[in-house]
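Residue 229 in this note's numbering sits at position 73 of the sequence shown, with consecutive numbering throughout. All C-beta atoms in this analysis are idealised placements derived from N, C-alpha and C, irrespective of residue type, glycine included.
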Amino acid sequence: MSLNLSKIPSKEIMPGYHGRLVHTENMSLAFWEVDEGAEVPEHSHMNEQVMHVIEGRFEFTLNGDTQVYHPGDIVIIAPYKKHSGRALTPCKLMDAFSPVREEYK
């Protein structure tokens, strides 16, 4: 199977988070365009997550530790770890989730 990201429709999953979503048998990929100031409230989930900052500056809190991430930075989020984030500028992010993030289907 092959896909072209530009042909995948974008969905606004939460205010300011516009994602192009790809689901495989065992994982989900989310390619986000995030509006400046958009926030994701603190939460946790059963999925292991890897976040990659492609463009912009993204403030991210993992287990109470807040840092600002820049293009090229990668954050690994273990299952059930509390985390939140906020776009300090317009951002492009890529998240990988395993297993599949069912609520994003």
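- Look at Leu244 here: in three-state DSSP terms it is coil, with no helix or strand label.
- Look at the beta carbons and you see the region 226-237 not touching the region 172-188: under three pairs across the two are nearer than 8 Å.
- In the assembly as shown, Ser184 is a buried residue. Its beta-carbon has 16 or more other beta-carbons within 10 Å.
- Cβ-Cβ distances below 6 Å link Thr245 to Glu192, Gly212 and Arg213 in the same chain, with the five nearest sequence neighbours on each side left out; the list follows chain order.
- With distances taken between CA atoms, Lys237 lies nearest to Asp221 out of His208, Pro227, Met157 and Asp221.
- Put simply, the backbone Cα of Tyr260 is about 8 Å away from that of Ile169.
- An exposed status is given to Glu258, since fewer than 16 other beta-carbon atoms sit within 10 Å of its beta-carbon.
- Non-local C-beta neighbours of Glu195 in its own chain, meaning closer than 6 Å and more than five positions away in sequence, comprise Arg242, ordered along the chain.
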